[in-house]
Each structure stands twice: as C-alpha cells, then as structure tokens.
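Below is one structure, written out as structure tokens; comments come after it.
In structure tokens:
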C-alpha cells in the first residue's frame, strides 16, 4: 500500500473527527491520549538527553505546542502509520492504540486548520531575490545584464525557496552591492537622439559608445551586402521564367529571391540590353548567352496573380543552386531559394560572375590605402582624399587603360625536403576585351628581392638582381632559346633590347625552376616589365597572369594585369562601355576597414567617414536609407563626432604636425571647454588659414584667390560648425525624449502609475544633477540608479490596512504578485493595463491574464526557479558534484545545456497543459546539439534530422533546440531521466544510487527521514577503485539494521537508475568494465528495471505522495512563505480538483491564484 499522509486521512475522517472534538476539549485529547502514548512508547529515544532524529518530545506539553509544530507532528503520524516507530526492539503499541493516537493528533490539527482556513498569513516585506532582480532588469532594459552575478547566493526559507520574506533580508554589505548593481545597469544606458537606449555592455567610455553605434552600422552594411552571384542567378532564372510568370516585374522577382529590387533592376537591364559586338559588353553577352537554361524543377511557385494597379504580389522561387549561407538569416523559409543535395551552380554562371568581378577590378579605380597612420597625414587633406575615393566607386578609371605594366611573381623559396623539388613559373597571355592581333614586349626581365626594378647600380646590388636571360641560359638553355631574347618575331629590322623578348597572344610561357636554381633565387621575385607591342598591332588588349606551378584555366578567375592602348578606337570604345559597366557593377558598395571599421583613417585623431554611395543609390529602399541615416546620426550624436574630431584635430596639429607651434595659437588647447564656441572657432579658422599661407579677404575666412587647398580648409571648419550645431539641436530633443522614457521606466520599475509627487521627486533629482554640471545622459543615469535603489523597485511589500481583518489585494498588488509568481519579474504592459483598469480582481479577467502569462516564454522562469529549487538542481552549475576531469567532453557548454533541459521540458508541459504526472513519465524533452550527442541513440538521430531540415549550422552563435520524443524507449522519461537529475545526484567519479534514490523519495515524494548518523563509512570515489559493484557495496552497508531502517526506502529506487553513468549517459557497463544491473526490488515488493518502470511504479503506487508534495511546494512558492496549518484545506482542495481534472497544470495554477491566500492580505492590526 502507498503511504497515507496526514491531511489526506484528515479529509477521509472529517465527520468522526468533528464529533470527537465536540465531545472532548483539545486539552483533554492531548493529556488523555497523546501524552500517555508518547511517554510509554516514545520518550525512551526522544527525550532531552538523546533526541534521536532531532526530536525531543519533552518540549511538547499542550495542544498549542502540537499546533505550532504541526509539520513535526505530521511526520510523527507518518512514522506511526508506517510502523517505523517505535522500532522493532522497543515496546510495541497495539494497532488500536496507534490508530487512536493518530486520530487524536489529527483532531487537534484539523480543528485549528478549519478555524483559520483561508488565512493569507503575514506577508513580510522583502527585497527582490537575485533571480527576480536579474529578470526585472532584463524586462526593463531588454538586455540580459545579470547585475547580481557577483551577489552571494540567496538563502532559502519557507518551503525551500528563495522568494520568502523570512529569508530575503538586506544587510549593509548587500546594500552596497545593490548600489553597484544599479549603477551597472545605468551604465548600460546611452542617450540617443530619440531617447534612452540600453546597450548589451556598459557605454560610459568613448570606445564603448563608438563600439555600440559603429557596430550597428557595420551590421546593417553586412546584412545588405551585395553578392553578385545571387543577382546573376536570379537574372538567369528570370530570363528563363515560365510563361505564367511573363508579367512578373523584376522588382517582384527580386523580392521573391530576397534581393534588392533596385539593384536587380539595374543588373537585369544591363544584361537584357546586351548586343552582339566586340569589346567589353560583347564578351559579357557571350558569357550571358553561354549559360544553359535551368531545369524546370528550378521553378517552384504558387499561381501568381498580380493585383490591380501593379501592386506587389507573393511569389515563391526555388533555385537548384543557391547556397543557404548566402541568404539573410531572418528569411522566411518557404520563400527561400534552396539548393538540392548534389546539385551545383552552372559553371557558365560562375564564369559570368568571374568575368564581371575581374573586369570591374581592372576598370574601376584601384584600391587605396584609406587608413594612413603617420604623423604627416594632414586630416583635412585626408578627408578630401576619402571623399574623392568614395565618389569614384561606380566610375570608370581612365588610367586603367595603359600600354605597359609591371608583373611580379610571388617570392621564390628554396625547396624543403617534404616539398616537390622543381617548380615552374607560368606567364599566361590572353586576349582581353577583343580578339585583335597582339603581342607583348617583356623588357629586361629580372629576378630581384625588391618589388620594383632598380634605378641605379647600387640598387641592382642591394636587390640581388639577376637577368632572366642569363639565368635561363645557365639553368634552362632550351627555354632561353625558345624565348628568342633580342629578336622580334615580325622582323629583324625591328630593334629590341638583347635582354628582352616578345610574347604573342595567346600563349603560355613556362619558366622552369630546378632545385638548385630555387636555392639561388630564394627570396627573389621575377619582375616582368611588359609593354603592348604596337608594331604587332595597336588595337589589341591583353590579360597577363604570372603564377607558380600551373597557369590559371581562365584569366577571368585569376588576378590579371591589363594592357590596352587608350588612344585607339578600341580603347575609346572600351572607355565608353566601361563607364556604363562600372556604374552597374561598382568596385565596392560600401567600405569598412577590417581593423579600423568606419574610421576616417587619421593618425591619432578620432573621426569617421561615410563611404556607401553605391549602396545608398543602387540597393537600398527609401525606408532602408532612412534607417541607415538614423544609424549614422546616432553614431555622430553618441560619440559627439564633430566635437571629438575638432579636439583631436587641435591636438594633432599642435603635437604631431606642430602647425600650432606659434604664439598666436596660445589661446587654443584641445581640452578647452569653450573650444566649441563660435567665437573661438572663428578665430581659430582665420589664424589657421594665415598659418598655412592663405591670404584672406579682409577679416573674413574667404581666400583672396580661392584654390582647392583653401576650399577644403573652409569646408572642414564648415562641417565642424554644422556638426556642433546639429549636436546641440539633437541634445535638446533627446533630453525631452529621455525624460519621457525615464517616466515610463520608473512606472514600470515601480509597478504602478507614478503619482505627481513621485515624478516631481525624480525630476528634482535630475535637475540637481544637471545643476552640478552633469550631462543629460549622466543625469538620466543618476536617476535610473535611484529608481533601482528605491524600495518601490528593489522591494516587494503590500500596504496593510490599519485595522484588523483580511482585505483584498489592490489590482496593482495582485498584478505584482502574479507576475513575480509566474515570471519572477515585473508585470508587463498588458498586466499593468488590466490592473489600471480596476478589472484584474475580477475572476474572469484574472483567469484570462493567468492563461496569457502561462503561454508567454517568460514562464520558463517559473519552470527553472520552482522545479529547480524544489528538486534541488538549480545550483547545479555552481555545485556540480562530478569531477569533470574524469569525463572528456563534459564541457561548460554541455553543462549549461544539461541545466537548461528541465526548464524547457517543464515549460512545454505547462504550456501544453499536460498532467502533472508527465513530470514522471513524460516522453518528450528538448535538446540541442551538445545534449543530443550526450544522449546519443534515437535522440541524437531525431535532432540531426530536424537540424538538417532547418538548414541551420550549429556554431557559437547558432545553437538550436528541438523537441524529441520516445524517451522511454531510450530508457529515460520525465525528470527522472534527465541528465541534470542523474548528474546532480552522483558522487565524484561514480554514480550514487543512495543519492538518486533519496532524491526520488525525499524531494520528489516528500518522505521524511531523520538525519544520518555522524560516522557513515564512505564509499570509493570511483568505480574503478572499487573491487565490488555499487550494488554489492550498498548491500554490505545496509546489513546494519540501523542503516537499513532508512536505506530500505530509497536505495532500490536509485539502483533502478544505474543504467546511466555519473553524467547521465546511457551505459551497460560501469567504468571498471563490470556489467550494469538496473533491476531493483521496490519497497512494495515489486521489481522495476530502469527508469521507465521506476516512474511507472511511482505513478501507479505513489502518485498521491507525489501530488501532495508538489502541491505543498507549489503553494509555498506561490505565496512566498511557509505553508501554514490553515492552508491544509486549500491543499486538500488542490488535490481534489486535480484528481477531478486529469491532474492538469492549469488546475493547479487556477486553484492557487483564485484562493484567498493569494488574493488577500491581513490588516496591520493582526
């Protein structure tokens, strides 16, 4: 039989107890029935000298003593009913005697419970727990700051939880930590033009503020980057679209492919208007036409019916070749182009992309060194240089067409023993943008340690110069003869230098490098000065590549040099086409330096430069441009970029360039507060122009003879003025926005609308801080700190009416209690609105809010806090009992995953309104990659299947969780089979059936045991150290009758879990190689093998104990106090309703939330 508990039997014998109480007083019951029984059968072991099990019965002398210690007396009832006490070697009472004393104790407790049923109890004021503080800050800021991470652990009270007024006190040291935590939160606030914003990290320094706002722009750029192949692929599919898509516009097609409609239209127009011709566009047409039509399976779509008026419509496009990694992470899966397994992008499409990429590299302005960290880099000139580069990104560079070029090989290296000993250099010459006859003169090629030809004999020596002709004649005479140094292939009448040779187009020239030659040429380049041979044909265009080991298959996927005479008809035609080509295909859509980000590139001066014209003009929508402009405005505002640049400029010109080393500038210092004032700025500009020799018109800043130099100086100071003025304007607006945000922040933090008095106090503090010279942002931070330190945020308390009695909670008090119960955090906007409407106390409205909040993801806080504290695994990460070094792969990431699993499981059960018994026998859990690999088997297979279907790749930033089923078939099930329960109840390097069994019986089922004796022999720390199995060791341990008294209740349950090792992995052998036996004889005489059978035993035979324990813990957690004797009727009501409604979670929540204990409070006179 399952063990009956006190208040269940109390309910069963309600009527007989009631009549017994009426015929005898409580004092009579105690003195005539309880005291004699205890004296006769119990005092021998439980007296003031021995007090076994920490029970001293001499302390009890009246019914009041029994009532005050009702928990202890409930345990006494349990031991008597189970026959555990008195022990077998003591004088034994008759069954009638034991039944009579049990009824007597219960009668006293029942009468007291009935008399005070529904008493809400004393609700002690208390500080927020560490968890509540963290969650509340997260909900206030949207950032997981974890400000209490360095706080001491909260003590537990009540029913074993850290949310009770009995435990959460405020000490002087903790008050200091609260202040530091509040300041830390405030330090995450940055003032933007539109108000307060909380950053993921503190933003009090310039570098932190820069990092925040600069990275936001960089992230925007990266999310809108242009991959040419994506657009070419979409254009290819659009070209071959089926007939029912004939009316689909390029913009619609681009939208279906998650591409920019603006830029796709440019690409499509460029490709669709190509015509047969020679030159750049003619070859582009050849590449475009060479791509075969796609397979019809490339088009997977819904019927497309464009709405009237040309509005956009929904279109699904699936291509057979797009890679998922090229798509935006937030793309709708059903609208994504996808890649079928084993299918690849057509080679001809790749060739088109290569042709475009190489052509724009050849024809656009070349890359520049935009970051110049040297003292001679004049900031004003550098800004002008950056502007010139930025303006030319989508333009043709005429200088790219030239008849000569220097080609340089990689450095030649001496052979290593593990390398091929001989190598070759390959010079490949191809036609570029036409097929005109062409040849190239290679003029005096040499080997050199430098990357440029020498200018004199000294450099020839220093650079270790060697003639290619002489080298080949010595080491490869056949090659030297083939190259015909000093002879022109057309005619001997054409003179050519003896050290030079002529190469025709197309051709490949191999220059062999033997091992001996490589030793001599170690560290040298091959330098080939090349010139288009006008004698052979002035109209040709040539691509040259110089590579090691093998020539490129195509020059368009290498890094060739271009030779072409610009002063010919073909050169002029190419220049015309190149202008259109470069406009369609810029050399970059934006520029972000790999090391310096958006920095302008000054030396020792902070400043930014915006280089994104092609992206803005060709790619982004108006809405996206507005967003990007906002991000740049935030960067300028938050970093005070104009003032920062001005101060840095003054410092640089004085300290680095020494321009301001003149007594006329003694009035000027970078740190001067009034440097930003117009009077000083105007004086500075005039003197600066004078210092640089610019003659001004009278007392103005205008040059007598304006030139580029004077204009960029004037432009620099004008930009500074504009930036400073804009900063002032935005600060005025930002202050008002910030105060509005502060009011909302305060109301949310205090969990009620602010009164006029409260708001006046906050604004008074703000004005005082401003008057002390604090900035707007710093003053707002000061008020945020004060709000978080205020008892209205950091404490939970309820105003008690001044008269005795029981009173309803106010709507806002009820909202506060409900939110901290379910979410361990402050109420959200919906709950506050319900409270402010005065309707939350309405039972239907309260039920509606309850169910809404249960469906919210924040219910995970309840799942983690309640179950984690009740079942004693919440401290797992801090108090992991396992020696991790003994288990390779037991990483911090795995431990974090193990910790998260039960919360995810419990949240799912709550939100699906499952039976409470699903915690025991549930067949569903959630795993990530780490946990799936840890569990193995079908669990890992299910995870991998879902991961593959999602198209995601697990990384440090992508760690998806998926639901898996079939736990029982894997030997698991419910909480009992989770790694956290199995691991938390292990010992060092071995399993512990004792701890696992005790956890099950004591924490899960609520069975009470006296503390163990002081001298308990320790078991081996590792299974490898033991000569016996853990089962054999336990059998020897419980051979002692005194030990067996307790161990017989739980050791066997732990043995049923032996199929899992100390960190929760399935196993068939222990670490010493001995076979695992997980067959256990249970306390009722039945056998159970493994966790599924164990959980079935608990559900079938001990369900009532599980439900009663859960209800008691649940009620204590919900009320934030110890369960009182007067709560017994509510506990019985909870059990009854659960039994009538399938043990569903929602019944548990509804019964408690609707109870007087939850919705009422005592008056202060109580």
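In the working numbering, the protein residues as written are 6 to 1171.
Just so it is clear, CB atoms sit at the ideal spot from N, CA and C, and this is done for glycine as well.
As the structure is a computational prediction, the values presented were derived from the model and not from experiment.
Option in the options with minimal Cα separation from residue i
{"i": "residue 732", "options": "711, 707, 172 and 681", "result": "681"}
{"i": "residue 968", "options": "949, 981, 800 and 961", "result": "949"}
{"i": "residue 1060", "options": "1000, 951, 1115 and 1017", "result": "1000"}
{"i": "residue 133", "options": "512, 212 and 173", "result": "173"}
{"i": "residue 873", "options": "89, 166, 111 and 473", "result": "166"}
{"i": "residue 450", "options": "576, 529 and 772", "result": "529"}
{"i": "residue 478", "options": "490, 683, 469 and 938", "result": "490"}
{"i": "residue 85", "options": "113, 43 and 123", "result": "43"}
{"i": "residue 575", "options": "442, 1011 and 259", "result": "442"}
{"i": "residue 192", "options": "39, 175 and 210", "result": "210"}
{"i": "residue 1016", "options": "1026, 281 and 1003", "result": "1003"}
{"i": "residue 658", "options": "860, 637, 610 and 648", "result": "610"}
Bridge partners - residue i, DSSP secondary structure assignment
{"i": "residue 1172", "result": "Lying outside 6 to 1171, the shown extent of the chain, residue 1172 is not represented and no answer is given."}
{"i": "residue 627", "result": "Note: residue 627 sits in no beta bridge, so no partner."}
{"i": "residue 1092", "result": "1086"}
{"i": "residue 968", "result": "931"}
{"i": "residue 1168", "result": "Paired residues: none, contrary to the question."}
{"i": "residue 1007", "result": "Residue 1007 pairs with nothing; no bridge assigned."}
{"i": "residue 993", "result": "887"}
{"i": "residue 550", "result": "433"}
Residue i versus residue j: straight-line alpha-carbon distance, rounded
{"i": "residue 1", "j": "residue 367", "result": "The shown model of the chain, from 6 to 1171, leaves out residue 1, and the question about it has no answer."}
{"i": "residue 1106", "j": "residue 1063", "result": "22 Å"}
{"i": "residue 806", "j": "residue 819", "result": "15 Å"}
{"i": "residue 764", "j": "residue 751", "result": "9 Å"}
{"i": "residue 389", "j": "residue 717", "result": "7 Å"}
{"i": "residue 1133", "j": "residue 928", "result": "33 Å"}
{"i": "residue 587", "j": "residue 618", "result": "13 Å"}
{"i": "residue 1034", "j": "residue 966", "result": "37 Å"}
{"i": "residue 1131", "j": "residue 858", "result": "29 Å"}
{"i": "residue 692", "j": "residue 589", "result": "46 Å"}
{"i": "residue 383", "j": "residue 699", "result": "16 Å"}
{"i": "residue 471", "j": "residue 452", "result": "5 Å"}
{"i": "residue 1151", "j": "residue 1119", "result": "13 Å"}
{"i": "residue 399", "j": "residue 593", "result": "8 Å"}
{"i": "residue 542", "j": "residue 499", "result": "14 Å"}
{"i": "residue 208", "j": "residue 359", "result": "44 Å"}
{"i": "residue 853", "j": "residue 52", "result": "54 Å"}
{"i": "residue 1123", "j": "residue 977", "result": "30 Å"}
{"i": "residue 893", "j": "residue 899", "result": "11 Å"}
{"i": "residue 863", "j": "residue 827", "result": "8 Å"}
{"i": "residue 781", "j": "residue 1121", "result": "45 Å"}
{"i": "residue 522", "j": "residue 397", "result": "45 Å"}
Next on the checklist: For the pair the segment 539-555 and the segment 397-416, tell me if three or more CB-CB distances fall below 8 Å.
Outcome noted: yes
Checklist entry - Would you say the segment 588-607 touches the segment 364-383, given that touching needs at least three Cβ pairs under 8 Å? => result yes
Next on the checklist: Please give the ranges of any alpha helix (DSSP H) in the segment 370-455, keeping only runs that are unbroken, at least 4 residues long and fully inside the region.
Outcome noted: 384-396
Checklist entry - Between the segment 849-869 and the segment 910-917, are three or more C-beta pairs nearer than 8 Å? => result yes
Next on the checklist: Does the contact criterion of 3 or more C-beta pairs under 8 Å hold for the segment 977-996 versus the segment 1057-1073?
Outcome noted: Judged by Cβ distances under 8 Å, the segment 977-996 makes contact with the segment 1057-1073, as three or more pairs qualify.
Checklist entry - Quick one: complete alpha helix (DSSP H) runs, 4+ long, within the segment 161-233? => result 177-192 and 211-228
Next on the checklist: Under 8 Å, with one C-beta from each stretch per pair, do the segment 1034-1041 and the segment 949-965 reach the 3-pair mark?
Outcome noted: no
Item to check | alpha helix (DSSP H) segments (min. 4 residues) lying fully within the segment 463-490 | outcome: Along the length of the segment 463-490, whole alpha helix (DSSP H) runs at least 4 residues long occupy 473-480 and 482-488, reported in chain order.
Checklist entry - Three or more beta-carbon pairs under 8 Å between the segment 155-167 and the segment 843-852, yes or no? => result With the cut-off at 8 Å, the segment 155-167 and the segment 843-852 do not touch.
Checklist entry - Could you give the uninterrupted runs of the alpha helix (DSSP H) lying entirely in the segment 779-854, keeping only those of 4 residues or more? => result 781-794, 796-799, 816-828 and 834-841
Checklist entry - Quick one: any contact between the segment 821-833 and the segment 781-796, if contact means 3 or more CB pairs under 8 Å? => result no
Next on the checklist: Measuring CB atoms only, is the segment 437-447 touching the segment 566-581, in the sense that at least three cross pairs come out at less than 8 Å?
Outcome noted: yes
Next on the checklist: Within 8 Å, do at least three Cβ pairs link the segment 110-120 to the segment 27-44?
Outcome noted: yes
Item to check | Whole alpha helix (DSSP H) elements within the segment 93-133, 4-residue minimum | outcome: At a cut-off of 4 residues, the continuous stretches assigned as alpha helix (DSSP H) that sit fully inside the segment 93-133 are 100-120.
Next on the checklist: So within the segment 1081-1160, which uninterrupted alpha helix (DSSP H) runs reach at least 4 residues, ignoring any that extend past its ends?
Outcome noted: 1095-1106, 1108-1124, 1133-1145 and 1150-1158
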